[in-house]
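From first to last, the protein sequence lines are chains W and A.
Straight run, no breaks: the first sequence in our numbering ends on number 270.
Straight run, no breaks: the second sequence in our numbering ends on number 457.
Have a look at the structure below, then the notes.
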Amino acid sequence: MTDTRPTHAKGVNRRKFLADTTRIACGACVAGIGLGLYSKQAQSLPANALRPPGALPEEEFLAACVRCGLCVRDCPYNTLKLSEFNGAGATGTPYFVARDVPCEMCEDIPCVPACPTGALDPKLTRIDDARMGLAVLVDQETCIAFQGLRCEVCYRVCPALDKAISLERSANIRTGKHALFIPVVHSDFCTGCGKCERACILEDAAIKVIPLQLAKGQLGTHYRLGWKEKEQHGLAVEGIIDLPDRMPEAVQ
Amino acid sequence: MNTKGTYKPGANAVAQNGWLAANKWLIARRLAQFGFIGLFLIGPISLWVLNLQDQPTKGIWIVKGTLASSITLDFLPLTDPFIALQTFVAGHILESTALTGVAIVVAAYALLGGRTYCSWVCPINVVTDTAHWLRQKLGLEGGAKHSRKSRYWIMTAALAASAVTGSVAWELINPITILSRGILFGAGFAWFIVLAVFLYDLFAARRGWCSHLCPVGAFYSLIGHVALLRVSAVKRADCNNCMDCFAVCPEAHVISPVLRGAETGTGPLILSPNCTNCGRCIDVCAPDVFKFTTRFNNTTTERSETSCNTPQAPREAA
Ligand code: SF4
Ligand code: SF4
Ligand code: SF4
Ligand code: SF4
Ligand code: SF4
């Protein structure tokens, strides 16, 4: 057999170069895929970690935020924290935990103009329009209002008093003669500031602010609520004559 | 020749030019690196001290933010261009503050040398330099050999990962910002990343992280292609082959073409974008072969009359 290995130095060099390049490229591919997979896993934000006011929707936020901490620095209440490596959500991104320090809903929202990248949307100028999450009274079994006791603490501390949380009266079936005053959250007004969760008197809050996508349901887009349509558009056909209803004989 | 544990690059320079002259750029660099962190730290420290005295205060802030993006004296924005590029490929267009910050940083490093960031600003450089110093001190040798091109592939992979996942991917594990955030905002687990880099450089590979793997340094080197400030082996005729410059240079491959360039007709100017402008070669060279100059000054000087250096046989770099 003849030796077919290239003896020419140039050939050897080119082979070595190709082999080296392939090796590095493969290594980098593996690194890239690893990083991509890790990023998918590391980016899932725990449900109790909320983004600052004005934060873009989570996927856009992760593309936009450079993890600089300027928003954290300009929050006068030390509400915001930066996620640590292997901590809550993507490394270095800002978040807060309502039960620890809620957002005080500053009038001038200093965290938003502090952001150099637009990850906190500069279009947010009224803090009432912020949607950091949504308060949900998750546990009716422990909330003492449901036991018939007067609590209302969450209702009282809410900066959007009577709008984001209202107290709805209903009958106390257990005693048969008292009323229940049930806190009910309205997503039209709740900013997700977390003051209610912070203030809830229970050892573990019965009312919790959770990210909107977890808190909200979504009606099928084909759904039309008849009474709402009627309110908006009036009757479908004008001048309908309402004929007397024919009742079954037994009713007559 | 076994120089294990005993070889001290720069000893000649110390003997001939004095300790200060043989360490001037190293000292300046450390002052700069700690100085930048110090500027960032004034804010949180002043806040802490004033709060101890129960004064309602906002603290004294010179620089706010981190190396990812900062604001100096409330008007000068600076933003890391590699992170900015990742936000771009991930699909976000930055607001004007960050864009201005990127422009200023790119312009500054295009003038001063891209990888000047590495040796004068980046805090990880202190970590890897220390690991290298200890490695030399303990006489550790061997370990993994990666190609110096690996970093460009990793840089590409990080950008690809950003594009595919739609997020700033390298920031999940970037030891530089993890360390600077750790120092400025407090950290627990973050220190393990820094420790990992340290141990890697100490045991696994000589100059492993900064000269072979780090995609941030790789990106800054791209900016450095047009850099104005450069090191030049102006007095290469005086070189006595002590090899100390090769031993201390984190990117030793940039030196030989210019130092030995007389034969091949290459100018004395180090134009390789991987030179970090650390100036350590200037420090340790007893006959003062190197100096900082601009990329337009590609001339040499004649062999000095006063030079008392007799050329030695080339020694193997440690
Ligand atoms: S609105 Fe005020 S309290 Fe809330 S996160 Fe922003 S700065 Fe902090
Ligand atoms: S200021 Fe903006 S870019 Fe910086 S950490 Fe906060 S949200 Fe992210
Ligand atoms: S989170 Fe709670 S306190 Fe804040 S607005 Fe919503 S209901 Fe009110
Ligand atoms: S503060 Fe807690 S216990 Fe009281 S009403 Fe609100 S949710 Fe219920
Ligand atoms: S190579 Fe990377 S880690 Fe090393 S000094 Fe440069 S930027 Fe910092």
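We put the beta carbon where it would ideally sit given N, CA and C, even for glycine.
State the Cα-Cα distance for the pair residue i and residue j, rounded to the nearest angstrom.
i       : j       : result
P453(A) : S411(A) : With a pLDDT of 49 at P453(A), under the threshold of 50, the modelled position of this residue cannot be trusted, and the question is left open.
T205(A) : C420(A) : 30 Å
G230(A) : G305(A) : 7 Å
S205(W) : K234(W) : 9 Å
V245(A) : Y173(W) : 52 Å
A150(A) : N437(A) : 29 Å
F358(A) : G321(A) : 23 Å
F221(A) : K288(A) : 18 Å
G325(A) : A372(A) : 43 Å
C86(W)  : G406(A) : 42 Å
G136(W) : L233(A) : 6 Å
R374(A) : P112(W) : First, the residue type needs correcting, since residue 374(A) is Lys and not Arg in the sequence shown. So the alpha carbons of these two residues sit roughly 52 Å apart.
L398(A) : W330(A) : 40 Å
P183(A) : L323(A) : 8 Å
R242(W) : I42(W)  : 58 Å
L352(A) : I293(A) : 7 Å
V175(W) : A223(A) : 40 Å
G363(A) : L238(A) : 20 Å
D157(W) : A223(W) : 8 Å
E78(W)  : I127(W) : 21 Å
E76(W)  : C93(W)  : 20 Å
R117(W) : I183(W) : 18 Å
C349(A) : H285(A) : 12 Å
R216(W) : V119(W) : 7 Å
E455(A) : F429(A) : Legend: pLDDT at E455(A) = 47, less than 50; position of this residue unreliable, no value from coordinates given.
Taking 8 Å as the threshold (C-beta atoms), are residue j and residue i in contact?
i       : j       : result
C47(W)  : A296(A) : yes
M265(W) : C211(W) : no
T160(W) : E122(W) : no
V355(A) : I317(A) : no
A132(W) : I225(W) : no
D213(A) : A270(A) : no
C417(A) : S319(A) : no
T218(A) : G198(A) : no
P201(W) : A148(W) : no
V171(W) : C218(W) : yes
G253(A) : L361(A) : yes
T209(W) : I145(W) : yes
A391(A) : A344(A) : no
A308(A) : G52(W)  : no
L298(A) : F342(A) : no
F431(A) : L334(A) : no
V423(A) : V387(A) : yes
F328(A) : N104(W) : yes
S301(A) : Q225(A) : yes
P426(A) : C378(A) : yes
P229(W) : A65(W)  : yes
T192(W) : G166(W) : With the sequence shown as reference, residue 192(W) is identified as Arg, and Thr is not the correct amino acid for it. Closer than 8 Å, so yes.
K181(W) : F199(W) : no
A178(A) : V202(A) : Looking at the sequence provided, one finds Leu at residue 178(A) rather than Ala. For L178(A) and V202(A), yes; Cβs fall inside 8 Å.
According to DSSP, which residues form a beta bridge with residue i?
i       : result
I263(A) : DSSP output for I263(A) lists no bridge partner at all.
S188(W) : L198(W)
P112(W) : L100(W)
R203(W) : For clarity, residue 203(W) is Val in the given sequence; the question names Arg instead. Beta-bridge pairing links V203(W) to I183(W).
A73(W)  : L138(W)
I51(W)  : Answer by DSSP bridge pairing: none, since I51(W) is not bridged.
I228(W) : L152(W)
A67(W)  : V115(W)
How close, in whole Å, do the beta carbons of residue i and residue j come, if the pair is a contact with beta carbons under 8 Å?
i       : j       : result
T82(W)  : L311(A) : The amino acid occupying residue 82(W) in the given sequence is Ala; Thr does not appear at that position. A82(W) to L311(A), Cβ: 15 Å. No contact.
R434(A) : A366(A) : 7 Å
T415(A) : P389(A) : 6 Å
C89(W)  : L138(W) : 6 Å
F175(A) : V260(A) : 6 Å
A3(W)   : A189(W) : Nothing can be reported for residue 3(W), as the shown portion of chain W is limited to 19 through 270.
T236(A) : P134(W) : 4 Å
L74(W)  : V227(W) : L74(W) to V227(W), Cβ: 18 Å. No contact.
D84(W)  : A207(A) : According to the sequence shown, residue 84(W) is Val rather than Asp. Rounded, the Cβ-Cβ distance is 5 Å, consistent with contact.
Tell me whether residue i, by its Cβ, gets closer than 7 Å to a heavy atom of ligand 7.
i       : result
C257(A) : In terms of ligand content, the structure shown lacks ligand 7 and carries ligand 1, ligand 2, ligand 3, ligand 4 and ligand 5 instead.
Scan the stretch 363–445 of chain A and note each continuous beta strand (DSSP E) run of 3 residues or more that stays entirely inside, going in chain order.
368–371 and 430–433
May I have a chain-ordered list of the beta strand (DSSP E) segments no shorter than 3 residues that lie completely inside the stretch 152–234 of chain A?
202–204, 208–211 and 215–218
I'd like the ranges of any alpha helix (DSSP H) spanning at least 4 consecutive residues and lying wholly in the stretch 307–367 of chain A.
314–324, 329–338 and 354–362
Sequence ranges, beta strand (DSSP E) only - wholly within the stretch 148–174 of chain W, length at least 3
152–155
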